[in-house]
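Okay, so here's the structure we're looking at.
2 protein chains.
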Amino acid sequence: MTSSEQETQVLTLQEPTPEAARETIAAGFDREALVTVFGRCTVDYDGRATSRLEAGERHVMFKPDGAALVHTDEGQQPVNWQPPGCDHEVFLEDEDGSEDGAEASGDAGDGNALCMRSLRSTPEERLLITFEHIMQVSTFTVTDPSELSLSGTEADLKARILDEPALLEPGFTPLATERETPAGAVDIYGEDADGRTVVVELKRRRVGPDAVGQLRRYIDALERDLHADAAIRGVLVAPSVTERAKRLLERDGLEFVALEPTAES
Amino acid sequence: MTSSEQETQVLTLQEPTPEAARETIAAGFDREALVTVFGRCTVDYDGRATSRLEAGERHVMFKPDGAALVHTDEGQQPVNWQPPGCDHEVFLEDEDGSEDGAEASGDAGDGNALCMRSLRSTPEERLLITFEHIMQVSTFTVTDPSELSLSGTEADLKARILDEPALLEPGFTPLATERETPAGAVDIYGEDADGRTVVVELKRRRVGPDAVGQLRRYIDALERDLHADAAIRGVLVAPSVTERAKRLLERDGLEFVALEPTAES
DNA sequence: CGTTCAATGTCGGAG
DNA sequence: CTCCGACGTTGAACG
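Protein chains in written order, with the UniProt record's numbering: chain G, 1 to 265; chain S, 1 to 265.
Put into structure tokens, the structure is as follows:
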């Protein structure tokens, strides 16, 4: 390893030979660096599904946590990937398909393909990227002490109602959050001004039929569990509701309250 | 623009001044190149939610289609992002917060922060990345002619059953796919050996309670629609089913058939 | 546009 | 590990 690799956080090779690329990438893996490779490659995946991507130019990123990402020029999502926790390896492959290790025979194998493999178990998944032309290799030493602070989530909506239960309806009293039922945990469990049990399901944005089904399951489970004579009220809280979901709510005798996760500014 | 920018597909600056970085990034946007920036930055997002990320080292990618991705050293998902279709801009900001355009005053503003903004409407969303230290800027000209070929999807599972309906059960006859109901489209609609209507819901992998709710909605909708006297059979097809979902199936009188999206090899 | 549903969804938390 | 539900889910297909 040269001194520059130790002293700088970024190391970049332009148009490296396959062997030079292999060496730098392998050192990057060892150092727990973030490694990027840009060039012309094919990609094969086999695991939860199976895919193949023919030759094209792509940007590949390997993270120190074991994640791998293959990006094309379009799309927010990578065209292929591997989740964190995978093991990465890099090696050269001869034209006949045999693998060349670092201890490759004298000739540096300029005509060889650079292969990068990412493996995982449970479930078994394999990603193989084969570069026929490497235009850039970079390794980055990353230090990121900060956590993302996010607001406007379902947790914010819950806090908002617990802080001011009248936002649901006057006289509403929360009794528990995440109350367990055989069908799962109810977001907010409480009672109304008349003492009737109320089950509240929260959604941070416009809801479809799935949320109604979820709410209905909670109520069914509770009515069986509590042998309730008086029907339990079910209230869906969200900014808005689709037409289909609205009809399902009416059919099942459930209610809807419009509320945003954060107060309007 | 120098000749190298036109002739090479990859252009990289190491430890550039903010103004040099701004110029190269702006040129990259104009060329519809894929642009990456690595350095120490803060990130602010406001739109469907609100988030802030304090200073740390991150890898940022801007794609020609308008997507933006901010990656830390961990996670498959970017810590912040913007979907395709956004407008990107890059500019320098003085310490007082005022923006400096390309026509900035004579002093090249070495102490200034490099800002990159990505904007979108419907919904209104803003991403602002402020770099206090830029270690690398790269622009890549990407050509990728290939499409991903993927197998093992729900479509494969459907094709498998349509090709060999007996995989569902002997005597099953598919009559329609994507048959519309008030609750959405049924994956496969058919009848069994006794002429009873069968609704089939397909899932490419192990299913939980949500899939049971989906199947139940279809059956309820069809029974109302057809005023069916004889009950409609509902069959969930998936590789396997969770315990909770199994109980829900039994409770609702629905059936389960174990089947993989592709034949075992 | 809005609605619906699949996805190699990913991710985090609980059991 | 599995199960479960949220997510700034993303993405595509369709009305």
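Every residue, glycine too, gets a C-beta built ideally from N, C-alpha and C.
- For Phe29 (chain S), not one C-beta of chain G is nearer than 8 Å to its own C-beta.
- Residue burial is scored here from C-beta neighbours: Gly234 (chain G) has at least 16 other C-beta atoms within 10 angstroms and is therefore classed as buried.
- If one requires a minimum length of 3 residues, the beta strand (DSSP E) runs lying completely within the UniProt domain "Endonuclease NucS N-terminal PH-like" (33 to 92) of chain G are 34 to 46, 50 to 62, 68 to 71, 80 to 82, in chain order.
- For secondary structure counted as the alpha helix (DSSP H) over 4 or more consecutive residues, the segment 134 to 177 of chain G holds these complete runs in sequence order: 154 to 163.
- In this structure Arg58 (chain G) touches Thr72 (chain G) by the C-beta definition: roughly 6 Å separates them, less than 8 Å.
- In this structure, DSSP gives Ala221 (chain S) a helical state, which the three-state scheme calls helix.
- Under a criterion of Cβ atoms nearer than 7 Å, the residues of chain G adjacent to Glu74 (chain S) are, in order, Lys63, Asp65, Pro84.
- Residue burial is scored here from C-beta neighbours: Pro123 (chain S) has fewer than 16 other C-beta atoms within 10 angstroms and is therefore classed as exposed.
- Spanning the alpha carbons of Pro64 (chain S) and Val200 (chain S) requires a straight line of approximately 42 Å.
- By DSSP's assignment, Thr8 (chain G) forms no beta bridge with any residue.
- Inter-segment contact for the segment 181 to 191 of chain G and the segment 10 to 28 of chain S is absent: fewer than three beta-carbon pairs are separated by less than 8 Å.
- For the segment 145 to 173 of chain G, residues whose beta-carbon sits nearer than 7 Å to a beta-carbon of chain S comprise Pro145, Ser146, Leu148, Ser149, Leu150, Ser151, Gly152, Thr153.
- Cα atoms of Lys203 (chain G) and Gly208 (chain S): separation of roughly 20 Å, rounded to the nearest angstrom.
- In this structure the segment 172 to 183 of chain G lies against the segment 218 to 226 of chain G, because at least three pairs of beta carbons, one per stretch, are closer than 8 Å.
- With contacts defined as CB atoms closer than 8 Å, Pro174 (chain S) and Gly190 (chain S) qualify as a contacting pair.
- Nearest in C-alpha terms to Glu147 (chain S), of all of G:Glu132, G:Pro84, G:Thr143, G:Pro78, is G:Pro78.
- With respect to the 8 Å criterion, Gly75 (chain S) and Ala67 (chain G) are classified as neighbours on the basis of their beta carbons.
- With contacts defined by Cβ atoms closer than 8 Å, Glu54 (chain G) and Thr42 (chain G) form a contacting pair.
- Your pair Gln136 (chain S) and Val10 (chain G) checks out as a contact, with CB atoms roughly 5 Å apart and the cut at 8 Å.
- Residue contact check for Ser240 (chain S) against chain G: no CB pair falls below 8 Å.
- DSSP places Ile188 (chain S) inside the beta strand (DSSP E), whose first and last residues are 184 to 191.
- Near chain S, meaning a CB-to-CB distance below 8 Å, the residues of the segment 44 to 55 of chain G are Arg48, Ala49, Thr50, Ser51, Arg52, Leu53, Glu54, Ala55.
- For Leu259 (chain G), there is no enclosing beta strand (DSSP E), as DSSP gives it neither H nor E.
- Among the CB atoms of chain G, none fall inside 8 Å of the CB of Pro123 (chain S).
- No Cβ of chain S is located within less than 8 Å of the beta carbon of Phe256 (chain G).
- For Thr242 (chain G), the closest C-alpha among the options G:Phe172, G:Ala258, G:Ala230, G:Gly253 is that of G:Ala258.
- In summary, His88 (chain S) is buried, with 16 or more beta-carbon neighbours lying within 10 Å of its beta-carbon over all protein chains present.
- The beta-carbon of Ser118 (chain S) is placed no less than 8 Å from the nearest beta-carbon of chain G.
- Listed by position along chain G, the residues whose Cβ is nearer than 9 Å to that of Ser138 (chain S) are Thr12, Thr36, Phe38, Gln136, Ser138.
- Nearest neighbour of Leu13 (chain G) by Cα position, chosen from S:Val198, S:Leu167, S:Pro261, S:Ser138, turns out to be S:Ser138.
- The CB of Val142 (chain S) comes closer than 8 Å to the CB of Glu57, Arg58, His59, Thr72, Asp73 in chain G, given here in chain order.
- With respect to chain G, the C-beta atom of Val79 (chain S) has a partner C-beta closer than 8 Å.
- For Thr24 (chain S), there is no enclosing beta strand (DSSP E); the residue is part of the alpha helix (DSSP H) that begins and ends at 18 to 31.
- When the Cα atoms are used, Leu236 (chain S) and Ala159 (chain S) turn out to be separated by approximately 16 Å.
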